[in-house]
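Asker: Before we start, here is the structure in question, set down as structure tokens.
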């Protein structure tokens, strides 16, 4: 026994001398790390529960390829390319699958009684909750009672009556934009950023719809800076999401993100809590998103932090989706100027004056709505990868068995450009949405129009989609009715040059403007 103890002491002395030698310690640590990474890669490629799903070699063994796509702002393009090569289900990271079929979209986003198979915990959205919002909102909680409670609180803000009550606000902000463009039209040779004008329109309108007064340009500047910061840290969030598969490393990653929110204070610069309290105190007699939510506060048990988180989501999400969609719509119309002229002719025929245009009457303008739908097909506002889930138990998705603990997503961009769903999938063909082009013998008779899901579907369908479409239709109609425009930066190609991670960025539609 004494001999064994002596041997233990000797080995401890050797270990201490090894640890005291920096060179030996470093070499051992490096070699150990290399061996660990190599063995982990072998496990991921050959033994992982989703090893049988096809995908690129690098994606199977490491998250580097996905992180690279996010960092390079090529996420939409890269995932679409993978689906084109490997099919409707592809392994895009060691523990992540992307689907691009209508059936998978329904299985994931409208699972009915099977919603217990999925959770948002452990996803990048869960990390964004910690980085930006700090409290639950309708986007970031799991399906279930909490989601129903939050959706029930927001729903009164988007009823048909609420939309009618808000139309004058949208008319006001569109008219202000028309007036600014009229000034630009005084010099038809002048090039302006249509994107910036549309951004101002949407930001002011969404803020006014939300709080009863326009959001300020200073707030918009803070929001744009927050988007730029998010674009920079998105690869880090992607890596942290990968670490979430490990209980210890995942907890450390979530803690770091929570600390970062307090350091950067993003939400406070866009909508501070004191600012929200002032808005609440001034709501007497007003009708807007906030009053609707406050009216449901008692019945739904909303806390102040939840009100703040959801109002911040409505402001940021409502702006990002509508602003990107408007720029994309005008991009496509100006790349195909005959489509711009078709809308203009339709509107001039239907209305004797721009002041006659109403939100409700625009619903019956087929060419206008076809052009909007087609742009939303080619450029859906958000990336499906940014709304993914983690399976909590084994489940079937579009006939594929997916084990518990797997990250899954349905990619809207890939689905909207799937050749099995659409004729000429990568081309701007608004006529596919017109009834006379949908019958037997037409090029678009086999289009699967139910695969058009720019606002998702099921319990997660965008609660403000009709309000957003109402504002988009009015803005496009009044601008096209009033102006002739020419695309100034024709060397910009959206599919090639616009950046994408979880949302669109790095786009700017430059135009020259003349009075129609």
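Residue numbers (this note's numbering): 1 to 516. The C-beta atom is built at its ideal place from N, Cα and C for all residues, glycine as well. Quick caveat: nothing in here was measured; it's all calculated off a predicted structure.
Cα separation between residue 355 and residue 82?
Answerer: 48 Å
Asker: If you compare alpha carbons, which of 481, 230 and 200 is closest to residue 220?
Answerer: 200
Asker: May I have the straight-line CA-CA distance separating residue 300 from residue 146, to the nearest angstrom?
Answerer: 10 Å
Asker: Where does the unbroken alpha helix (DSSP H) through residue 382 begin, and where does it stop?
Answerer: Element bounds for residue 382: n/a, residue is neither H nor E.
Asker: Residue 407 lies in the beta strand (DSSP E); which residues open and close that run?
Answerer: 407-410
Asker: If you draw a straight line from the alpha carbon of residue 112 to that of residue 339, how long is it in whole angstroms?
Answerer: 40 Å
Asker: Examine the Cβ distances between the stretch 211-225 and the stretch 272-288 and report whether three or more of them are shorter than 8 Å.
Answerer: Segments in contact, yes.
Asker: If you follow the beta strand (DSSP E) that residue 311 is part of, which residue opens it and which one closes it?
Answerer: It is not in any beta strand (DSSP E) - residue 311 instead sits in the alpha helix (DSSP H) that spans 304-335.
Asker: Would you call residue 308 buried or exposed, if buried means 16 or more other Cβ atoms sit within 10 Å of its Cβ?
Answerer: buried
Asker: Are residue 461 and residue 158 closer than 8 Å when you measure CB to CB?
Answerer: no
Asker: Closest by CA to residue 124, which one among 216, 254 and 51?
Answerer: That would be 254, whose Cα lies nearest to the Cα of residue 124.
Asker: Check residue 187 in the structure and name its three-state DSSP category.
Answerer: Note: residue 187 maps to coil in three-state DSSP.
Asker: In whole angstroms, give me the CA-to-CA distance for residue 49 and residue 394.
Answerer: 11 Å
Asker: By the 10 Å Cβ neighbour count, where 16 or more other Cβ atoms means buried, how is residue 277 classified, buried or exposed?
Answerer: Per the 10 Å Cβ criterion, exposed.
Asker: Kindly provide the ranges of any beta strand (DSSP E) runs that are 3 or more residues long and lie completely inside the stretch 138-213, ordered along the chain.
Answerer: 191-193
Asker: If we ignore side chains and look at the alpha-carbon of each, how far apart do residue 296 and residue 163 end up?
Answerer: A direct Cα-to-Cα measurement between residue 296 and residue 163 gives close to 17 Å.
Asker: Over the uninterrupted beta strand (DSSP E) stretch that includes residue 435, give me the two end residues.
Answerer: Per DSSP, residue 435 belongs to no beta strand (DSSP E) and is neither H nor E.
Asker: Roughly how many angstroms lie between the CA atoms of residue 439 and residue 215, to the nearest whole one?
Answerer: 46 Å
Asker: Any beta carbon of chain C sitting closer than 8 Å to that of residue 287?
Answerer: The question asks about chain C, but that chain is absent: this structure has only one protein chain.
Asker: Short of 6 Å in beta carbon distance, which residues of its chain neighbour residue 36, apart from the five on each side in sequence? Order them along the chain.
Answerer: none
Asker: Could you spell out where the alpha helix (DSSP H) holding residue 106 opens and where it closes?
Answerer: 102-109
Asker: How should residue 94 be labelled, buried or exposed, when 16 other C-beta atoms within 10 angstroms of its C-beta is the threshold for buried?
Answerer: buried
Asker: Alpha carbons only, please: which of 155, 447, 102 and 175 is nearest the one belonging to residue 423?
Answerer: 447
Asker: In three-state DSSP terms, what is residue 263?
Answerer: For residue 263, the predicted model reports a pLDDT of 47, less than 50, meaning its position is unreliable; a value from the coordinates is still stated below. It is helical.
Asker: I'd like the span of the beta strand (DSSP E) that includes residue 123, first residue to last.
Answerer: Note, residue 123: premise wrong, no beta strand (DSSP E); not H, not E.
Asker: Could you check how far apart the C-beta atoms of residue 320 and residue 98 are, in whole angstroms? I think they sit under 8 Å.
Answerer: About 22 Å separates the CB atoms of residue 320 and residue 98; that is not less than 8 Å, and the two are not in contact.
Asker: In the DSSP assignment, find the unbroken beta strand (DSSP E) run with residue 390 in it and report its ends.
Answerer: 389-391
Asker: Ordered along the chain, which non-local residues of its own chain (more than five positions away) have a Cβ less than 8 Å from that of residue 183?
Answerer: none
Asker: Roughly how far, in whole angstroms, is the beta-carbon of residue 376 from the beta-carbon of residue 368, given that I think they are within contact range, below 8 Å?
Answerer: About 13 Å; that fails the 8 Å criterion.
Asker: At the level of alpha carbons, what is the spacing between residue 63 and residue 79?
Answerer: The C-alpha of residue 79 is placed about 14 Å away from the C-alpha of residue 63.
Asker: On a Cα-Cα basis, can you pick out the residue from 272, 480 and 413 that is closest to residue 348?
Answerer: 480
Asker: Apart from the five residues on each side of it in sequence, which residues of its chain come closer than 8 Å, Cβ to Cβ, to residue 506?
Answerer: 73, 497, 498 and 499
Asker: Rounding to the nearest angstrom, what Cα-Cα distance links residue 135 and residue 399 in this structure?
Answerer: Rounded to the nearest angstrom, the two C-alpha atoms are 36 Å apart.
Asker: Determine the closest residue to residue 415 out of 44, 246, 84 and 57, with distance taken between C-alpha atoms.
Answerer: Minimum Cα distance to residue 415 is reached at 84.
Asker: Run through DSSP, which three-state label would residue 45 get?
Answerer: Residue 45 falls in the helix class under three-state DSSP.
Asker: Residues bridged to residue 98 by DSSP?
Answerer: 90 and 409
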